[in-house]
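Engineer: Submitted below is the structure of interest, expressed as structure tokens.
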Amino acid sequence: MGQFLQQLINGIQIGSIYALIALGYTMVYGIVRLINFAHADIFMVGAYMGFFLAPVMARVFGGAFIPTIIAAMLITGLLGFIMEKLAYRPLRYKSRLSALITALGVSLFLENFCALPFVFTPAFRKFPDLIVARNIPIPGNLGLNISNVLLLDVGVSVILMVLLFWFVNKTLIGKQMRAVAFDKPTASLMGINIDVVISTAFIVGPALAGAGGILYGTTYGMLASPFLGIWPGLKAFIAAVLGGIGNIPGAVLGAYIMGISEAFATSVNSNLGYGIAFAILIGILLVRPSGLLGKFMPEKV
Amino acid sequence: MTFFRTHRTAVTVIAFVLTYVVVKLLSVLPLVNGGPLLNGYYIQLIALAGINIVMTVSLGMVNGFTGQFSIGHAGFMAVGAYTSAMITTVWLHTSVTNPWVGYPVFILAILAGGLLAAAAGYLVGTPSLRLKGDYLAIVTLSANELIRTVIRVTNALGGPRGLGGIPKFTNLEVVFVFTIVSVVLMRNYLFSSHGRSMKAVRDSEIAAEATGINTTKQKVFVFVFSAFFAGVSGGVFAHLLQFIHPDNFSFVKSLEYLIYLYVGGSTSISGAIVGPAVFTVLPELMRALQQWRMVIYPLILVLTMIFRTEGIMGAREFRFILIPQRQRKEVSA
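These protein sequence lines are chains A and B, in that order.
According to my numbering, the first sequence holds residues 1 to 301 in order.
According to my numbering, the second sequence holds residues 1 to 333 in order.
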């Protein structure tokens, strides 16, 4: 029982980080129908920003966590904005697949550029302690192991998700985003500035990934190399598809399913933990071809 | 000159043989400081380019000509590579010292690898080709990673340690023969009536169905056919590098082929030849740039896509790839 609960809790922790990355994938996909492969590398940049900014922030503000996460979100948001302007905008009205190949190119570029000796270097780095890790005693003798890092991961991602739901559902730009995602030409005829909406999606999504990067660094305590974004990014992307890509609650649901199943499978075998995500995805897509919460749109004649 | 216009398969073969002769001469004649221009390293690179060409042309059949979006091609390559390597290395212990036994076994082994990859393609394709666009892409990607996971956990296949000691059956001649045969086979298939059905499915699935094409069957068949060639390429690849590891066949590898295809031009066989040829050799030509190499490579990629969206070749073909005019008339008459 204790073991079961422990894996469930671990899964929720991983799921929270996946959810923050998956939201960026799903927002960008919903609006421009592009699988933004470079999103995983923006997550990586966010994590490295934590490494470089935390000592500075600790000196300036006294505390490190909140200023670092805000600064990282601002920087990754800016990076997303620049990326869209330079690489994706020229291709917007051309074939979707060329945009996809461009996304792959941007991803390769970010990884290899960040591995240059005067940027982040390919070396292993220890992530600074943004908060002091402490175990929280749980009454009863289930043998549960809950740290304040776990609560922080879940708390921060839930706060950011609530903010995102508010942003998408209540603000004017959020409503415009939903309109553009629903029908781009009509939204444009209604006087919505498509450029602004797309730029916003490319700022908000990467900013969330940046926050995810900080949480990732805090949780695992290390940054392996500038290529570290590939696998968490892929998992988050799979989570977004699982929930129905383009659907924001779907991405969160998918991320938690992914995180929990991964935690359970990893406790059996680490390779199985890696592969389970794909098996679940294939299984679900064969039953529900548009993901769990996605709408199925039959092709019209 | 009528011969060249009416026997295009022969012309395609001649074009490849000429390339082979040039490469072979450059690797033998003492041109630079008493040594050949192309040393063993470059020969290895050219062999890899040949394998990449077959992989890309076979991916192009699914992605470019049938309009389905598969990004899990490296998975089928892994199936072929592991099957053939198991046969030649672990079960039959063949070696290059005895070519009269070795090569027949090698050829049968890579064909077996291709067939098993085709079977895997059937298993993946039958249920998943109902899905459309990006969802199909994700399922093929997941299938690729699942195949890799299965290899990683199977101890008999070497698991995470990889499989080594594979005899080096693949040399320049093998790669050239393999590339010519595969490209000509796929070319002839694409210009047959099946090929036209594929293009119809790509352009409008509903219209294709209305004209009596069994679209599902067509899509699955192309997928299986393409997986077969990916499997055979995997076998040739394994016997070139002599060591295979599950991580060689991750989705990152599949994305590489996707890049080759779309940079070359996805709806053109010539494009699927030019793309991998250029982009396999290009990073090596940039060795002098050292660590900047892998920064500039993606920049070239992005700039190619922005300024030449349809790829280097677009939808055009080299003359030696096209089917002769005379035969076309006979078909339509």
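Just so it is clear, CB atoms sit at the ideal spot from N, CA and C, and this is done for glycine as well.
Treat the numbers as computed from the prediction; the structure is a model and nothing was measured.
Measuring only from the beta carbon, is Ser107(A) closer than 6 Å to any heavy atom that is part of the ligand NAD?
Structural biologist: By its list of ligands, the structure shown contains no ligand whatsoever, and the ligand NAD lies outside what it can speak to.
Engineer: Determine contact between the stretch 238-254 of chain A and the stretch 283-298 of chain A, defined as no fewer than three beta-carbon pairs at a distance below 8 Å.
Structural biologist: Contact holds: three or more Cβ-Cβ distances are below 8 Å.
Engineer: Could you tell me the alpha carbon to alpha carbon distance between Glu317(B) and Ser270(B), rounded to whole angstroms?
Structural biologist: Approximately 5 Å, taken between the alpha carbons.
Engineer: Using the three-state DSSP reduction, which class does Ile136(A) fall into: helix, strand or coil?
Structural biologist: Note: Ile136(A) maps to strand in three-state DSSP.
Engineer: Rounded to whole angstroms, what's the CA-CA distance from Leu136(B) to Asn63(B)? Just pull it up for me.
Structural biologist: Using only the alpha carbons, I get a separation of about 11 Å.
Engineer: Quick test of your reading: Leu272(A) and Ala265(A), contact by CB under 8 Å. State the CB separation rounded to the nearest angstrom.
Structural biologist: Yes, Leu272(A) and Ala265(A) are in contact; Cβ-Cβ is about 5 Å, under 8 Å.
Engineer: Whole alpha helix (DSSP H) runs in the stretch 9-87 of chain B with 4 or more residues, listed along the chain?
Structural biologist: As far as the stretch 9-87 of chain B is concerned, its whole alpha helix (DSSP H) runs of at least 4 residues are 40-60, 73-85.
Engineer: Which residues mark the beginning and the end of the alpha helix (DSSP H) in which Asn148(A) is found?
Structural biologist: Residues 148-170.
Engineer: Let me check understanding here. Comparing Cα to Cα, which of Gly30(A), Gly15(A), Ile9(A), Gln6(A) lies closest to Val168(A)?
Structural biologist: Of the listed residues, the one whose Cα sits closest to Val168(A) is Gly30(A).
Engineer: Could you tell me which residues DSSP puts in a beta bridge with Leu223(A)?
Structural biologist: Leu223(A) pairs with Arg125(A).
Engineer: With a threshold of 7 Å between beta-carbons, can Val241(A) be considered close to chain B, or not?
Structural biologist: It does; some Cβ of chain B falls within 7 Å.
Engineer: Would the beta-carbon of Ile53(B) fall within 7 Å of that of Thr179(B)?
Structural biologist: Yes, Cβ-Cβ distance for Ile53(B) and Thr179(B) is below 7 Å.
Engineer: Is the CB of Gly105(A) under 7 Å away from at least one CB in chain B?
Structural biologist: Yes, contact with chain B.
Engineer: Report yes if the C-beta distance between Thr215(B) and Ala207(B) is below 7 Å; otherwise report no.
Structural biologist: Not in contact: Thr215(B) and Ala207(B) (Cβ atoms no closer than 7 Å).
Engineer: I'd like to know whether the C-beta of Pro36(B) is nearer than 7 Å to at least one C-beta of chain A.
Structural biologist: It does not; no Cβ of chain A falls within 7 Å.
Engineer: If the cut-off is 7 Å on Cβ atoms, which residues from the stretch 88-114 of chain A count as contacting chain B, listed in chain order?
Structural biologist: So the close ones are Pro90, Leu91, Lys94, Ser95, Leu97, Ser98, Ile101, Thr102, Leu104, Gly105, Val106, Leu108, Phe109, Asn112, Phe113.
Engineer: Can you give the Cα-Cα distance for Val149(A) and Ser16(A), rounded to whole angstroms?
Structural biologist: Whole-angstrom Cα-Cα distance: 12 Å.
Engineer: Look up Ile244(B) in the DSSP assignment and say whether it is helix, strand or coil.
Structural biologist: Strand at Ile244(B).
Engineer: Please state the DSSP three-state secondary structure of Ala333(B).
Structural biologist: Low local confidence applies: a pLDDT of 42 at Ala333(B) is under 50, so the model's placement there is unreliable, with the coordinate-based value given in what follows. In this structure, Ala333(B) counts as coil in the three-state DSSP scheme.
Engineer: Do three or more CB pairs link the stretch 200-208 of chain A to the stretch 73-90 of chain A at distances below 8 Å?
Structural biologist: The stretch 200-208 of chain A, when compared against the stretch 73-90 of chain A, does touch it at the 8 Å Cβ threshold.
Engineer: Excluding sequence positions up to five away, which residues of its chain have a Cβ less than 6 Å from the Cβ of Asp41(A)?
Structural biologist: Only Ser107, Leu110, Glu111, Gly229 meet the Cβ criterion.
Engineer: Alpha carbon to alpha carbon, what distance is there between Ile214(A) and Pro128(A)?
Structural biologist: Answer to the nearest angstrom: the Cα atoms are 10 Å apart.
Engineer: Roughly how many whole angstroms lie between the Cα atoms of Ile296(B) and Leu285(B)?
Structural biologist: In a straight line, the C-alpha of Ile296(B) is about 12 Å away from that of Leu285(B).
Engineer: Could you say which of Met258(A), Lys235(A), Val28(A) lies nearest to Phe251(B) if we only look at CA atoms?
Structural biologist: That would be Lys235(A), whose Cα lies nearest to the Cα of Phe251(B).
Engineer: Excluding sequence positions up to five away, which residues of its chain have a Cβ less than 7 Å from the Cβ of Ser332(B)?
Structural biologist: A caution first: Ser332(B) carries a pLDDT of 48, below 50, which makes its placement in the model unreliable, though a value can still be read off. So the list is empty, once near-sequence residues are dropped.
Engineer: Count the other CB atoms within 10 Å of the CB of Leu285(A); is the residue buried (16 or more) or exposed (fewer)?
Structural biologist: Classification for Leu285(A): buried.
Engineer: Comparing C-alpha positions only, which one of Thr102(A), Leu74(A), Leu53(A), Ser95(A) sits nearest to Phe65(A)?
Structural biologist: Minimum Cα distance to Phe65(A) is reached at Leu53(A).
Engineer: Assuming the contact rule is C-beta atoms closer than 8 Å, Glu145(B) and Phe278(A) should be a hit. Round their C-beta distance to whole Å, please.
Structural biologist: That pair is a contact at about 5 Å.
Engineer: So, is Ala239(A) buried or exposed, given that buried needs 16 or more other C-beta atoms within 10 angstroms?
Structural biologist: Its Cβ being crowded by 16 or more others within 10 Å, Ala239(A) is buried.
Engineer: With 16 other CB atoms within 10 Å as the buried threshold, where does Val180(A) fall?
Structural biologist: Buried, by the Cβ-count rule.
Engineer: I'd like to know if Gly275(A) contacts chain B, where contact means its C-beta is closer than 7 Å to some C-beta of that chain.
Structural biologist: So yes, Gly275(A) belongs to the interface.
Engineer: Pick out whichever of Ala49(B), Ile46(B), His73(B) has its Cα sitting closest to the Cα of Ser58(B).
Structural biologist: Comparing Cα-Cα distances from Ser58(B) to each of Ala49(B), Ile46(B), His73(B), the minimum goes to His73(B).
Engineer: Use the C-beta contact count for Phe120(A): other C-beta atoms within 10 angstroms, 16 or more gives buried, fewer gives exposed.
Structural biologist: The residue in question, Phe120(A), is buried, as its Cβ has 16 or more Cβ neighbours within 10 Å.
Engineer: Judging by CA-CA distance, which residue of Gln7(A), Gly275(A), Met1(A) is the nearest neighbour of Arg152(B)?
Structural biologist: Residue Gly275(A) is the option with its Cα nearest to Arg152(B).
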